[in-house]
Amino acid sequence: MGEARQPYKFRFDLLTIPLIKRIVRARSYHFAVIFPNFVVFIILLVAAFYGPPVGNQNIAVLVVWIIWWAALMLVLTPIGGRSWCMICPMPAIGEWLQRKTFTRVSKKPFGLNKRWPRKLDNIWLQNFSFLIISTFIGVLTTRPWATGIMLILVVVILPTLFHLLYQRRVWCRYICPVSGFIGLYSMVAPVELRVRNRDVCLKHPGNECYRGSEAGYGCPWYEFPQNLNRNAYCGLCMECVKTCPLDNIGLFIRVGGEDLYVEPWHGIKKKGLDEPFKAFIMSTLAIIYALVFTGPNPFFKDIANIFGGNTFGGVFTDNILVEALNPYKLAVYAAIVWSSTLLIMPAIFGLFVVFSKALAGWNKSPPYKKLFISYSYLLVPLSLAAWIAFALYILLVNGSYAISAISDPFGLGWDLFGTRNFPWTPIGTPYLPYIQAIIFLFGLIWTINTIKKISQRLFERRRDAFKASIPMSIFALLYTILVLIVWLGVV
Amino acid sequence: MAGGGMMRRKRSGVAVTDVIALILVVGSVLAIFYSIYYGETVRAELMQEGKEIYITARQWVFQPNRIVVKAGQPVTLVIYGADVLHGFQIEKLGIDKVVYPGQEIRITITFDKPGTYIFRCSRYCGEPYPGSGIGHWTMTGVIIVE
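Each protein sequence line maps, in turn, to chains A and B.
The opening residue of the first sequence carries number 352 in our numbering; numbering runs sequentially from there.
The opening residue of the second sequence carries number 10 in our numbering; numbering runs sequentially from there.
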């Protein structure tokens, strides 16, 4: 494996610009970028319980599930990497309490300060937490109170609890439902934080970037910057920029990069099955979400709505949307979500890996598990294209709901921005299928190029690499055809 | 020490930036809750004075959908249709009006007795998909007469 080389077509260190460097090195920087989102979160949390009770009029539902989700999939992650993690309010309360300060460096953290179990040094918990959210997605996106409960759990209670129990940001690194896929897709982003010269780090015994110093905290994400060779788990918090006494950390804009192909930490760590399964989850849910939220698919829409629409009329007269859980729908939809992501998609993918290994020569090929794990990263560009198509749809078709809701976030009859009566205005719907088709096509080309690069690293002989890449390219083609059918109803 | 660690501090050891941050965090939370309290107070005053209460009807909600009024005082409901055709019905009082898109209707009512009056949309205004549990059937609200 060519671990040491990082071929870039273009690379520029933003921290060579004095103003940017000065800003990110300021101790108040992190608070300054989180605080606006923290305020927005408080507004959304209150609006979820206090605002209009219907999803398409409630600002909490509209911002979380349309604006934020679209921003995450269209801009923040594919372009900014983990830029959302840098400004995310989820860990804010817990981290402020853990550090006992908003901006300073405290030596002794508040809380139990336990070590995170080594067995859980993977993203399996993130895989499961995202599946749990996805199981309830039909309710979360239509019932503001459900979004409110979710926000309380994932922004207040759980992150705070984990910050007080464990060291650093274990919530972000190991549990957060969205962190897993942000990490996965951030690997293709044109932004990366890396050490400028690894040899400088290797000769320097201080390790301030990991242990912390008076200038800042040790990496809250448990990353060791000198070993960073992928974006997956760098939260861009900029603590290492502050702590590095050698000024050896850079924040680069890049074209190229090898995040999808290299072993973590230059081979010190090995890829497990947790990231491949995150890729299976994301690629499968991109299709399920499309079936649930778009197009004429009454079965999926009905089954995802696990509350079944049976109201307790006359009992909760103030909130007639308090409804009865439908255990049958919950069981069926949960079975669809969990089995398709954890069994069916991996099994189909695994079958194509068998074809790939067989075609390249069973005995000449690397071990099956290595092929399975390495090739799973082809799903990153493939499923990202599907999610971009989904995000474009929800933003362009339903985004205008937010324009009216923002003028009266709490349903008090306000008209803050004069847009209270702004009508639902879908944008670009005649052109959307064509745009989506181009996105899918671009995703397929990008994926086939990724397959080629993965194969060249797995096989010594170019001919074997080419043969092995054929079944995986067919898999990518079939996936693209499937999303085309789901979205456009055409082959 | 690398840059960024130098903090201006008060004599007690608390950084000025921390004090500012605390004020911002607490202040913003209080401001949000106060704005709701203020909005509710203004709305209650308007209701007590028998002034107009503005309601927006849109798929599939009345905004606001919880109104508190005093018994024996006239109240004028100004209902604006924001999207499609809706209806405004208070079955207990035998009121049933059509709310056209882009137009508003005015209904002046005097509630004689304290109690709870449910209002709902009386013209089918759609639903996201059949059997969704949300839609025209859930477009309702309550007037609480004190």
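For glycine and all other residues, C-beta sits at the position ideal for the given N, C-alpha and C.
Nearest candidate by alpha-carbon position, reference residue i, set the options
| i | options | result |
| --- | --- | --- |
| PHE97/B | ARG129/B, TYR133/B and VAL151/B | ARG129/B |
| PRO440/A | CYS570/A, THR780/A and CYS588/A | CYS588/A |
| TRP69/B | VAL154/B, GLY135/B and VAL151/B | GLY135/B |
| SER457/A | GLY569/A, ARG545/A, GLY701/A and LYS621/A | GLY569/A |
| GLU899/A | TYR525/A, LEU579/A, TYR640/A and PHE651/A | No statement about residue 899/A is possible, as the shown extent of chain A runs from 352 to 842 and does not include it. |
| GLY586/A | LEU471/A, ALA742/A and ARG519/A | ARG519/A |
| GLY762/A | GLU811/A, LEU366/A, TRP522/A and LEU395/A | LEU395/A |
| GLU609/A | LYS629/A, GLY623/A, ALA630/A and ARG581/A | ARG581/A |
| THR780/A | THR770/A, PRO774/A, ALA816/A and LEU743/A | LEU743/A |
| PRO387/A | GLY103/B, ILE143/B, SER37/B and MET148/B | SER37/B |
| VAL521/A | PRO556/A, TYR584/A and ILE805/A | TYR584/A |
| TYR752/A | MET501/A, LEU676/A, ARG771/A and GLY618/A | ARG771/A |
| TYR133/B | THR117/B, ARG75/B and HIS95/B | HIS95/B |
| ILE438/A | ILE654/A, LYS720/A, PHE392/A and ALA756/A | PHE392/A |
Same chain, Cβ closer than 6 angstroms to residue i, neighbours up to 5 away in sequence not counted
| i | result |
| --- | --- |
| SER379/A | THR454 |
| LEU722/A | VAL704 and LYS708 |
| LYS106/B | PHE97 and ILE114 |
| SER824/A | ILE799 and ILE802 |
| ALA737/A | ALA637 and VAL834 |
| VAL375/A | MET589 and VAL592 |
| TYR126/B | ILE99, LYS101 and ILE152 |
Secondary structure of residue i, DSSP reduced to three states
| i | result |
| --- | --- |
| HIS95/B | strand |
| GLY402/A | coil |
| PRO647/A | coil |
| PHE461/A | coil |
| THR454/A | coil |
| ILE7/B | Residue 7/B lies beyond the residue range present for chain B, which begins at 10 and ends at 155; the question has no answer from this structure. |
| THR770/A | coil |
| ALA66/B | strand |
| ASP105/B | strand |
| THR492/A | coil |
| VAL23/B | coil |
| ILE604/A | strand |
| LEU86/B | strand |
| ILE503/A | helix |
| ARG524/A | helix |
| PRO110/B | strand |
| ASN670/A | The predicted model places ASN670/A with a pLDDT of 45, which falls under 50 and marks its position as unreliable, so this point remains unresolved. |
| SER131/B | coil |
| SER755/A | helix |
| ILE739/A | helix |
| TYR612/A | coil |
| GLN72/B | strand |
Environment of residue i [buried if 16+ CB atoms lie within 10 Å]
| i | result |
| --- | --- |
| PRO73/B | buried |
| GLU574/A | buried |
| ALA398/A | buried |
| LYS19/B | Bear in mind that a pLDDT of 48 at LYS19/B, under 50, signals an unreliable position, so the number given afterwards is only what the model happens to contain. Exposed, by the Cβ-count rule. |
| GLY13/B | Bear in mind that the predicted position of GLY13/B carries a pLDDT of just 41, short of 50, making it unreliable; the figure below should be weighed with that in mind. With 16 or more other Cβ atoms within 10 Å, it is buried. |
| PRO369/A | exposed |
| ARG814/A | exposed |
| ALA355/A | With a pLDDT of 47 at ALA355/A, under the threshold of 50, the modelled position of that residue is not reliable, and the figure given next carries that caveat. With fewer than 16 Cβ atoms within 10 Å of its Cβ, ALA355/A is classed as exposed. |
| ALA698/A | exposed |
| PRO822/A | buried |
| TYR785/A | exposed |
| ALA489/A | First, the amino acid is wrong: residue 489/A is Gly here, not Ala. Label assigned to GLY489/A: buried. |
| LYS652/A | buried |
| THR149/B | buried |
Residues near residue i in its chain [Cβ-Cβ closer than 7 angstroms; skip 5 each side]
| i | result |
| --- | --- |
| VAL666/A | Note that VAL666/A scores a pLDDT of 47, beneath 50, so its modelled location is shaky and nothing firm can be said. |
| ASP766/A | SER758 and ASP759 |
| LYS804/A | TYR612 |
| TYR812/A | Sequence check: residue 812/A is Arg here, not Tyr. Around ARG812/A: no qualifying Cβ. |
CB contact check: residue i to chain E, cutoff 8 angstroms
| i | result |
| --- | --- |
| THR452/A | This model lacks chain E altogether, as its protein chains are A and B. |
Proximal residues to residue i (C-beta, below 8 angstroms), its chain only, five neighbours per side dropped
| i | result |
| --- | --- |
| ILE577/A | The residue asked about is misnamed: residue 577/A is Gln in this sequence, not Ile. Closer than 8 angstroms at Cβ, skipping near neighbours: VAL546, ARG549, CYS552, LEU553 and CYS560. |
| ALA80/B | PHE120, ASP121, LYS122, PRO123, VAL154 and GLU155 |
| ILE695/A | THR635 |
| ARG362/A | PHE603, ILE604, ARG605, VAL606 and GLY607 |
| ALA827/A | LEU729, LEU733, LEU795, THR798, ILE799 and ILE802 |
| CYS436/A | CYS523, SER530, ILE533, GLY586, LEU587 and CYS588 |
* Asked: Do the region 80-91 of chain B and the region 61-71 of chain B make contact, defined as three or more Cβ pairs closer than 8 angstroms?
  -> yes
* To do: Check whether the region 681-697 of chain A touches the region 782-790 of chain A, taking contact to mean three or more Cβ pairs, one atom from each stretch, closer than 8 angstroms.
  => no
* **the region 544-556 of chain A touching the region 484-503 of chain A, judged by at least three CB pairs closer than 8 angstroms** => no
* To do: Decide yes or no for the touch test of the region 380-398 of chain A against the region 22-40 of chain B: beta carbon pairs closer than 8 angstroms, at least 3 of them.
  => yes
* **Contact the region 410-429 of chain A vs the region 466-485 of chain A: 3+ CB pairs below 8 angstroms** => no
* Asked: Counting Cβ pairs closer than 8 angstroms, one from the region 445-453 of chain A and one from the region 500-520 of chain A, do we hit at least three?
  -> yes
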